[in-house]
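2 protein chains.
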Amino acid sequence: MADFNSVGLQFVQYYYNQFQVNRAELTNLFTDQSMLSFEGEHFRGTQQIIQKFQSLGMQKISHQIVTHDVQPSSTPGGIIIFVTGLLKMDEDAPMKFTQVFHLNQTPSGSYYVHNTVFRLNLG
Amino acid sequence: MADFNSVGLQFVQYYYNQFQVNRAELTNLFTDQSMLSFEGEHFRGTQQIIQKFQSLGMQKISHQIVTHDVQPSSTPGGIIIFVTGLLKMDEDAPMKFTQVFHLNQTPSGSYYVHNTVFRLNLG
Numbered sequence: 001m002a003d004f005n006s007v008g009l010q011f012v013q014y015y016y017n018q019f020q021v022n023r024a025e026l027t028n029l030f031t032d033q034s035m036l037s038f039e040g041e042h043f044r045g046t047q048q049i050i051q052k053f054q055s056l057g058m059q060k061i062s063h064q065i066v067t068h069d070v071q072p073s074s075t076p077g078g079i080i081i082f083v084t085g086l087l088k089m090d091e092d093a094p095m096k097f098t099q100v101f102h103l104n105q106t107p108s109g110s111y112y113v114h115n116t117v118f119r120l121n122l123g
Numbered sequence: 001m002a003d004f005n006s007v008g009l010q011f012v013q014y015y016y017n018q019f020q021v022n023r024a025e026l027t028n029l030f031t032d033q034s035m036l037s038f039e040g041e042h043f044r045g046t047q048q049i050i051q052k053f054q055s056l057g058m059q060k061i062s063h064q065i066v067t068h069d070v071q072p073s074s075t076p077g078g079i080i081i082f083v084t085g086l087l088k089m090d091e092d093a094p095m096k097f098t099q100v101f102h103l104n105q106t107p108s109g110s111y112y113v114h115n116t117v118f119r120l121n122l123g
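So the protein sequences, as listed, match chains A and B. Numbering-wise (the UniProt record's numbering), the first sequence opens with residue 1 and increments by one. Numbering-wise (the UniProt record's numbering), the second sequence opens with residue 1 and increments by one.
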């Protein structure tokens, strides 16, 4: 089994960096089976998910990761990654967020996001 | 496929109610494959997980659920549940928390927790 902790950390760094520099490039991380829940809205498949990301209105976004926890899931090769952090959009004050990813492997061994849920911790 | 949203909601209500009234009863929700990450500490199997719950020092605990998101996972019958809420221990001020569960089905069709990660949102 691959070292799931290393995969988890690399994924987190890649994902949030790409989100900051070029959200459209995240296409490669999703498939038509992928699911996104974003602040209670639900999206399925690469196209819906990337459209949602592109529709977010901010010009600048940066994520600061505070914690990340990684576990192997019950899907062979699957990895669950749980992230807490701070999100800064444009000139707004930073907001706390939490996000979970369930990565799965393609037949060729690369990883894609099967499930992800994002929530701001406002309430 | 079972209605994963109903299963998710029922699970959340059951889990946090049992946590409040009798944490030892949660034994039924775990197996020897279960994994818990709790504030960065990692536990595996029913015994380690329940011991951790029992070692928590508070007399009273109550959870107020603010959001819950549910998705089917890639494991047949599997469900991912993502919860944000407020946790109150004894007479302390409420604290925000986030928790994810990956439920799987046993051969007999009941659900158990394969993965769970718990974090207070302090940082």
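For each residue, glycine too, the CB sits at the ideal point set by N, CA and C.
Less than 8 Å between the C-beta atoms of residue i and residue j, yes or no?
| i | j | result |
| --- | --- | --- |
| serine 74 of chain B | asparagine 104 of chain A | yes |
| proline 72 of chain B | phenylalanine 4 of chain B | yes |
| lysine 96 of chain B | asparagine 121 of chain B | yes |
| threonine 106 of chain B | threonine 98 of chain A | no |
Rounded to a whole number of angstroms, what is the C-alpha to C-alpha distance between residue i and residue j?
| i | j | result |
| --- | --- | --- |
| proline 94 of chain A | serine 37 of chain A | 21 Å |
| isoleucine 79 of chain B | serine 108 of chain B | 16 Å |
| threonine 31 of chain A | glycine 57 of chain B | 44 Å |
| valine 117 of chain B | threonine 84 of chain A | 11 Å |
| phenylalanine 101 of chain A | glycine 77 of chain A | 14 Å |
| alanine 24 of chain B | isoleucine 50 of chain B | 7 Å |
| glutamate 91 of chain B | threonine 27 of chain A | 47 Å |
| phenylalanine 43 of chain B | valine 113 of chain B | 13 Å |
| glycine 8 of chain B | serine 6 of chain A | 30 Å |
| residue 162 of chain B | serine 55 of chain A | Shown here, chain B extends from 1 to 123; a query on residue 162 of chain B therefore has no answer. |
| glutamine 48 of chain A | arginine 119 of chain A | 18 Å |
| tyrosine 16 of chain A | valine 66 of chain A | 13 Å |
| methionine 1 of chain A | asparagine 115 of chain B | Note that methionine 1 of chain A scores a pLDDT of 45, beneath 50, so its modelled location is shaky; the value from the coordinates is reported in the next line. Distance between the alpha carbons of methionine 1 of chain A and asparagine 115 of chain B: 18 Å. |
| leucine 29 of chain A | isoleucine 81 of chain A | 14 Å |
| serine 110 of chain B | serine 110 of chain A | 32 Å |
| glutamate 39 of chain A | threonine 46 of chain B | 32 Å |
| leucine 86 of chain B | glutamate 41 of chain A | 22 Å |
If the cut is a Cβ gap below 8 Å, which residues of chain B does residue i touch?
| i | result |
| --- | --- |
| asparagine 104 of chain A | Ser74 |
| threonine 84 of chain A | Thr98, Arg119, Asn121, Gly123 |
| glycine 40 of chain A | Thr67, Asp69 |
Give the residues of chain A in contact with residue i, contact being defined as C-beta atoms less than 8 Å apart.
| i | result |
| --- | --- |
| histidine 114 of chain B | Ser73, Ser74 |
Given that residue i touches chain A, what residues does it touch there, using C-beta distances under 9 Å?
| i | result |
| --- | --- |
| methionine 89 of chain B | What methionine 89 of chain B touches in chain A: nothing, since even the nearest Cβ is about 18 Å away. |
Using a Cβ cut-off of 7 Å, pull out every chain A residue sitting near residue i, in sequence order please.
| i | result |
| --- | --- |
| threonine 46 of chain B | Simply none; closest approach about 16 Å. |
| methionine 35 of chain B | Gln71 |
At 7 Å on the CB atoms, spell out the chain B contacts of residue i, in chain order.
| i | result |
| --- | --- |
| methionine 58 of chain A | Ordered by position in chain B, no residue passes the 7 Å Cβ test against methionine 58 of chain A, which lies about 22 Å from the chain. |
| glycine 78 of chain A | Ser74 |
For this session: Determine, using beta-carbon pairs with one atom in the region 12-25 of chain B and one in the region 63-70 of chain B, whether at least three such pairs fall under 8 Å.
Result: yes
Exercise. Hey, is the region 51-61 of chain B in contact with the region 16-30 of chain B, meaning 3+ C-beta pairs nearer than 8 Å?
Worked result: yes
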